[in-house]
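Numbering (the working numbering), first residue to last: 151 to 457.
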Ligand SMILES: C[S@@+](CC[C@H](N)C(=O)[O-])C[C@H]1O[C@@H](n2cnc3c(N)ncnc32)[C@H](O)[C@@H]1O
């Protein structure tokens, strides 16, 4: 398993809140290999049981957020559309995921299919823009999303390639799969937590889906002044990268808050990186700067019986 020991204290550690000082940042890491609904309240309309079951876990669904994604579901695979920023960020997110999971699960870093043998769930998968490359890297992928239209688009697109046609897509929520006692080696939720009803409960569901000694990866946007200026004012109002109102600044989490709620859910954050955009090259890259977009890798630390 990857060690959480800090190799050095880079400059960013001086500015980190105390509970992040044990987290390895991007520049601490071994060399990075860059690789190129239910809107009906958690009930899958295709499932055999369409009656809403009483659940002990609060729903993660925030209806106005789901409506926004449903309205633009047809554009998931339009590289110039509203999801262009996610498409552009994808190679960078995959580089972080590949590097952390390969080390954690002791996989061959040089393999073209390093995730062979791993069960990975992509929670809030949208149209499948992360699920597909994970499947191409050899993982057995389950993609879930609360918006049925997203799942339909994801399914149609994945069927275009025999490798990705094996992805299991399902319109459901993390908490529903917890009730079904599903477990995965790695649980990934990118750019979802800022859209859910209760981030702490959502993290508990992510943790419950994570197998003993498994990994959890979460990315989101920091609740900082810089994120207000860049992720909302610039991205939504000046550059029109995203539809206006995509993000609510108050729903963002600081890296410290995310680390704390994951810790309370038995996920120990071990590594973190920021994503920074270079306006000259038009590319994203990994960085120690976690002041706007950031990603966290954690491992589940429980007894096997609890796991
Ligand atoms: C910004 S998109 C991110 C999509 C994908 N994870 C990615 O990064 O490419 C957020 C996605 O989360 C989904 N979502 C929002 N709340 C959810 C919930 N409570 N459970 C499952 N999916 C949810 C939305 O429908 C949307 O597809």
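Ideal Cβ placement from N, Cα and C applies to all residues, glycine included.
*asked:* Report the CB separation of residue 415 from residue 436 in whole angstroms; it is logged as a contact under 8 Å.
replied: About 25 Å; that fails the 8 Å criterion.
*Who are residue 339's beta bridge partners in DSSP?*
368
_Which listed residue (367, 406, 231 and 427) has its alpha carbon closest to that of residue 254_ = The shortest Cα separation from residue 254 among 367, 406, 231 and 427 belongs to 367.
_Using C-beta distances below 6 Å, list every residue in its chain close to residue 318, excluding the 5 sequence neighbours before and after it, in chain order._
292
*Selected residue, minimal CA-CA separation from residue 342, among 275, 288 and 332*: 275
*Does the beta carbon of residue 416 come closer than 8 Å to any beta carbon on chain D?*
In the structure shown, chain D cannot be found, because there is only a single protein chain.
*asked:* Using DSSP's beta-bridge definition, name the partner residues of residue 450.
replied: 417
*In terms of DSSP beta bridges, what is residue 318 paired with?*
Within the DSSP secondary-structure output, residue 318 pairs in a beta bridge with 292.
*Please report the Cβ distance between residue 325 and residue 401, rounded to the nearest whole angstrom; I am assuming they are in contact, meaning their Cβ atoms lie under 8 Å.*
With a Cβ gap of about 18 Å, residue 325 and residue 401 do not count as contacting.
*Tell me the start and end of each unbroken beta strand (DSSP E) in the stretch 219-280 that is at least 3 residues and wholly inside, in chain order.*
269-273
*Going by the CB atoms, is the gap between residue 257 and residue 360 shorter than 8 Å?*
no
*asked:* At the level of alpha carbons, what is the spacing between residue 270 and residue 286?
replied: 12 Å
_Residue span of the beta strand (DSSP E) that contains residue 400, given as start and end_ = No beta strand (DSSP E) holds residue 400; DSSP gives it neither H nor E.
*Residues near residue 440 in its chain [Cβ-Cβ closer than 7 Å; skip 5 each side]*: 372, 405, 422 and 424
*By how many angstroms is the C-alpha of residue 365 removed from the C-alpha of residue 333?*
Cα-Cα distance, rounded: 11 Å.
*Between residue 223 and residue 273, which are expected to be in contact by the criterion C-beta below 8 Å, what is the C-beta distance as a whole number of angstroms?*
About 17 Å separates the two Cβ atoms, so there is no contact after all.
*Confirm, please, whether the CB-CB distance from residue 232 to residue 340 is below 8 Å.*
no
*Which residue's Cα is closest to the Cα of residue 245: 384, 262 and 320?*
262
*asked:* Which same chain residues end up closer than 8 Å to residue 428 when comparing Cβ atoms and leaving out the 5 residues on each side of it in sequence?
replied: 434 and 435
*Determine which residues share a DSSP beta bridge with residue 434 and list them.*
427
*For the alpha helix (DSSP H) containing residue 394, list its first residue and its last residue.*
Careful: residue 394 lies outside any alpha helix (DSSP H) and carries neither H nor E.
*Note the first and the last residue of the continuous alpha helix (DSSP H) segment covering residue 307.*
298-308
*Going by other Cβ atoms of all chains shown within 10 Å of its Cβ, with 16 needed for buried, is residue 445 buried or exposed?*
buried
_Secondary structure of residue 445, DSSP reduced to three states_ = Here residue 445 sits in strand by DSSP.
*Between the Cα of residue 348 and those of 260, 230, 412 and 235, spot the shortest distance and give me the residue it belongs to.*
412
*To the nearest angstrom, report how far apart residue 351 and residue 217 are at their CA atoms.*
Between residue 351 and residue 217, the C-alpha separation is close to 21 Å.
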